[in-house]
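Accompanying notes for the structure given below.
Numbering (my numbering), first residue to last: 1042 to 1161.
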């Protein structure tokens, strides 16, 4: 089972993603509420993949992606963004994110994207 860290400041979104991932071959090993929390949990839990929200308080998803990539150049981070966040999404990809999912997301899109990222 692939280990996943879910990073989102909205508990309802984390719950939704966790529910979807349990239907796939994924094990949610942790959750983080902002980018600072994400880096600490990444170091501690060493997940195979991270789902990362872009807009969060304190440290946003773009900075968190840069921080995680600086710690582990092979980290696999998938950004979750609103449809109106295209510019921020490009910044995230430049920062090292390997893929993205646009909200509102569908279950199949989450599972297929994470499976593609794991294989690559």
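The beta carbon of each residue, even a glycine, is placed where N, CA and C say it ideally should be.
{"Check": "Where does residue 1095 sit, in a helix, a strand or coil, going by DSSP?", "Outcome": "coil"}
{"Check": "In angstroms with no decimal places, state the Cα-to-Cα distance between residue 1127 and residue 1095.", "Outcome": "11 angstroms"}
{"Check": "Which residues share a DSSP beta bridge with residue 1073?", "Outcome": "1048"}
{"Check": "Can you tell me which of the three DSSP states residue 1156 falls into?", "Outcome": "helix"}
{"Check": "Tell me whether the beta-carbon of residue 1090 lies closer than 8 angstroms to the beta-carbon of residue 1117.", "Outcome": "yes"}
{"Check": "Assuming the contact rule is C-beta atoms closer than 8 angstroms, residue 1092 and residue 1134 should be a hit. Round their C-beta distance to whole Å, please.", "Outcome": "15 angstroms between Cβ atoms; not a contact."}
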